[in-house]
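Below is one structure, written out as structure tokens, with a few remarks after it.
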Amino acid sequence: MAGTFSRAHYEHNATGGCGAAPSLRASSHSARRRRSQGGAVMTEPTPPSAPDHAPPAARRRWIPRAMGGAVAVTAIAVAAYGSITSAAAGDDIHASMTIIAPAAAGGGWDGVARELQQAQKANGLVNNVQVVNMPGAGGTIALGNVSVLNGQANNLLVGGTGLLAATVQFNSAATLDDVTPLAVMVEEYDVIVVPANSPFQTLDDLVQAWKSDPRALPWTGGGSFDQLVVADLALAAGIPPSEMTYISSDGGGEAIQALLNGTAQAAAGGYPDNIDQIESGRLRALALVADEPLEGVDIPTAAAQGYDVTLTNWRMLAAPSGLSDEQVGDLTDLVLESTATPEWADARARYHWTERLITGDDLTTFLAEERTRIERLYEEMGL
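Per our numbering, the sequence shown runs over residues 659 to 1041.
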């Protein structure tokens, strides 16, 4: 695709990447550093209330939990917003930077934020870098707060597939149109797994059993992104996603336990979250959800087995709105310089992230296409 380059290509030209959002059971319940003429270089948490389009019964179940949750989320958001605004003075992005992780410490978005912080500090790209965690509503609490930091260039918001999905699922007031997307940096792949004692030896074995009675074969996953992957697989298999049974788990560890104790028969989850259980023999990997096989990973892709499922968990950075073209260019440079550091390369290896750099007009097109894709999946699930 135009505007997509490998790391080697970028470096040659420049030197001279879930908290889990609760889900209803579907069955019932090109860079400025060396920018081209095209202007582009490329290579999860409980919502405070039920979505407006939730079924009435489901909406009632949300109410008692939502009231207490909303108070907690609001308190966290207010405190975190104070941290952002207090650090937002000035406009020198190399003097100070605040990186906002739209989830609690320890999750995937937090990992991106802290690895980026380390890369910038270790290489003198930014003198003072702080990470602020702002969890809530699948990342949309943080998105809403960043959307009002108009013109304040020294703030970066971590996001990705999950954040885009949350804006759709929860019909959030703030969307990615209200900030300035700078770059997709990496992507992570899901893997389809079953318990080691499962009768399903291949993805096709699993799908054929699923097709015979979709509601009777329960799935699980660690977050809303994983549910989208299962829905995408259902479509590829000719199964109405509205008929699938999906049990949302609070993170990858809980999803694995649901598999091992028999609550679910299959799961979709991030490869890094499942690698230990796969290698130990407790889980059997049936398919990797990726465009191409992952180097060093002996798991066939779903596409190679006849199921066109390629939704990836990409990670991105965005800045506030109201920035000049020069500020956007400087921030894009900073992001690409950060991802070219040894520290970031080490992080990619540790987290099993695959590099995917998308900026400029290509990024605008990519985000629009992903939103359309995600909207369709939610519509197919009836959510």
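Virtual Cβ for every residue (Gly too), placed ideally from N, Cα, C.
Do the stretch 891-908 and the stretch 829-848 make contact, defined as three or more Cβ pairs closer than 8 Å?
no
Can you check which of these residues, E773, A867, Y929, is closest to E1001 by C-alpha distance?
E773
Any idea what DSSP makes of L682, helix, strand or coil?
Note that L682 scores a pLDDT of 37, beneath 50, so its modelled location is shaky; the value from the coordinates is reported in the next line. Three-state DSSP puts L682 in coil, outside helix and strand.
Short check: CB of E845 to CB of T997, under 8 Å?
no
Can you tell me where the alpha helix (DSSP H) with A823 in it begins and where it stops?
819-827
Does the stretch 794-801 come close enough to the stretch 750-763 to have 3 or more Cβ pairs within less than 8 Å?
yes
Given this structure, state the Cα-to-Cα distance separating A811 from G817, to the nearest angstrom.
17 Å
On a CA-only basis, which of E937, Y929, Q935, R940 is nearest V947? Give me that one, please.
Y929
Top-ranked residue by Cα proximity to L815, from G980, A823, P839:
P839
Leaving out the 5 sequence neighbours to the left and right, which residues in its chain are closer than 6 Å to A913 when beta-carbon positions are compared?
T878, G879, G880, S907, A925, G927
Compare the Cα-Cα distances from S979 to each of G802, N786, A777, A1026 and report the closest residue.
G802
Label T825 either buried or exposed according to how many other C-beta atoms from any shown protein chain fall within 10 Å of its C-beta, with 16 as the threshold for buried.
buried
Buried or exposed for S830, going by 16 or more other Cβ atoms inside 10 Å?
buried
With the cut-off set at 8 Å, would you say V770 and V887 are in Cβ contact?
no
Where does R973 fall in DSSP's three states?
strand
What is the DSSP secondary structure of L864, counted as helix, strand or coil?
helix
Would you say the stretch 887-898 touches the stretch 980-989, given that touching needs at least three Cβ pairs under 8 Å?
no
Assumed close pair D931, G910 - CB separation to whole angstroms, cut-off 8 Å
3 Å
So, using beta-carbon positions, are V842 and M1039 closer together than 8 Å?
no
Expressed to the nearest angstrom, what Euclidean distance is found between the alpha-carbon atoms of Q866 and A892?
11 Å
Contact the stretch 999-1017 vs the stretch 856-875: 3+ CB pairs below 8 Å
no
DSSP beta-bridge partners for T756?
Q788, N813
Beta strand (DSSP E) segment containing R1014, residue limits
1012-1016
So, with DSSP's three-state summary, where would you put D848?
strand
Among the residues of its own chain, which have a CB less than 7 Å from the CB of N813, if the five just before and after it don't count?
I742, A746, T756, I758, V804, L807, A977, P978
Whether N785 touches A823 by CB criterion (8 Å)
no
Go through the stretch 915-968 residue by residue and report every complete run of the alpha helix (DSSP H) that reaches 4 residues or more, in order.
929-938
So what does Y1036 bridge to, in DSSP terms?
Bridge partners of Y1036: none, in fact.
Looking at the secondary structure, which residues open and close the beta strand (DSSP E) in which T997 lies?
Here T997 belongs to no beta strand (DSSP E); instead the alpha helix (DSSP H) covers 983-997.
Going by alpha carbons, who is nearest to R1034 out of Q827, V787, Q775, I751?
Q827
What does a CB cutoff of less than 6 Å around A780 pick up in its chain, not counting 5 residues either side in sequence?
E1001
Give me whichever residues DSSP pairs with T878 in a beta bridge.
I905, A925
Candidates L1015, W972, D1004: closest to V993 by CA position:
L1015
Quick one: what's P839 bridged to in DSSP?
A976
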